[in-house]
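Residue numbers (our numbering): -14 to 172.
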């Protein structure tokens, strides 16, 4: 468990990163969260912040999950309201071009009066995947979108890397995105 003093130092350091370093670190977390954690330990050490990889992981585990304006249940209801043809189209898009699939989900949601951002779709798809993984021991049938998610059909997104598996990388992005919402980063 990371000490509160080290956690504060790490948080303050992350909030002070220049945009180019922040982007490099985010890309590293995107490609390999373990390497991202190791690089963060190295960067912290350069600032005389002594933390281990376990400390960084502990710190990232304390961060909240990203928030959405649409609940998972609302997202499921929306998914159930679309025709099988549209669901099949979205599944095909997610398998071949994840970003186009997410765009199509946003478009379909909008046509049904639901406003949802690209980033929220990423988070909600992650939550669907997590739920499916939690229930994998149960004998359930998964629909095509859930099967795609579980099978890893979602690839890296061009949208600033919001689509990630939960864990260190997702927690780091949650911190980064919350800093942006609070205006601590200017872009």
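C-beta: ideal position from N, C-alpha, C; glycine also. Just so you know, these numbers come straight off a predicted model, no measurement behind them.
| task | Label residue 42 either buried or exposed according to how many other C-beta atoms from any shown protein chain fall within 10 Å of its C-beta, with 16 as the threshold for buried. | result | Around the CB of residue 42, 16 or more other CB atoms lie within 10 Å, so the residue is classed as buried.
| task | Output the distance between the C-alpha atoms of residue 17 and residue 6, rounded to the nearest integer angstrom. | result | Rounded to the nearest angstrom, the two C-alpha atoms are 16 Å apart.
| said: For the alpha helix (DSSP H) containing residue 98, name the first residue and the last one. | reply: Looking at the DSSP string, residue 98 is not in any alpha helix (DSSP H), and its letter there is neither H nor E.
| Length of the line joining the Cα atoms of residue 147 and residue 103 | Here the model assigns residue 147 a pLDDT of 31, short of 50, so the residue's position is not dependable, and the following value carries that caveat. Rounded to whole angstroms, the separation of the alpha carbons of residue 103 and residue 147 is 9 Å.
| Smallest Cα separation from residue 34: which of 72, 19 and -1? | Its Cα nearest to that of residue 34, the residue -1 stands out among 72, 19 and -1.
| task | Assign residue 4 to one of three DSSP states: helix, strand, or coil. | result | The three-state secondary structure of residue 4, taken from DSSP, is helix.
| message | Can you look up residue 82 in the DSSP assignment and give me helix, strand or coil? | response | Shown here, residue 82 sits in coil according to DSSP, grouped into three states, outside any helix or strand.
| field | Cα-Cα separation between residue 90 and residue 120, rounded to whole angstroms | value | If you draw a straight line from the Cα of residue 90 to the Cα of residue 120, it is about 24 Å long.
| Assigned exposure category for residue 98 - 16 Cβ within 10 Å defines buried | With a threshold of 16 other beta carbon atoms within 10 Å, residue 98 falls short and is exposed.
| request: Check whether the Cβ atoms of residue 36 and residue -9 sit closer than 8 Å, and answer yes or no. | output: For the pair residue 36 and residue -9, the CB atoms are nearer than the 8 Å cut-off.
| message | So, at 7 Å on beta carbons, what are the nonlocal neighbours of residue 44 in its own chain, with the 5 sequence-adjacent residues on each side left out? | response | If we look at residue 44 and ignore the five residues flanking it on each side, its Cβ neighbours are -13, -8 and -5.
| field | Among 112, -3 and 1, the one whose alpha carbon lies nearest that of residue 57 | value | Taking each of 112, -3 and 1 in turn and checking the Cα distance to residue 57, the smallest one comes out for 112.
| said: At the level of alpha carbons, what is the spacing between residue 175 and residue 65? | reply: Because the chain in this structure spans residues -14 to 172, residue 175 falls outside the shown range and cannot be described.
| query | Hey, out of 106, 24 and 46, whose CA is closest to residue 88's CA? | reply | Ranking the options by Cα distance to residue 88, first place goes to 106.
| Secondary structure of residue -13, DSSP reduced to three states | In the displayed model, residue -13 falls within coil according to three-state DSSP, outside both helix and strand.
| task | Helix, strand or coil for residue 108, going by three-state DSSP, please let me know. | result | In the structure shown, residue 108 sits in a helix (DSSP, three-state: H, G or I).
| request: Evaluate residue 11 with the Cβ neighbour count: other Cβ atoms within 10 Å of its Cβ, from every protein chain shown; 16 or more gives buried, anything less gives exposed. | output: Around the C-beta of residue 11, 16 or more other C-beta atoms lie within 10 Å, and the residue is accordingly described as buried.
| query | Of all the options 47, 48, 96 and 59, which has the alpha carbon lying nearest to the alpha carbon of residue 71? | reply | Per the Cα distances, 96.
| Count the other CB atoms within 10 Å of the CB of residue 82; is the residue buried (16 or more) or exposed (fewer)? | By the Cβ-count criterion, residue 82 is exposed, with fewer than 16 other Cβ atoms from all chains shown falling within 10 Å of its own Cβ.
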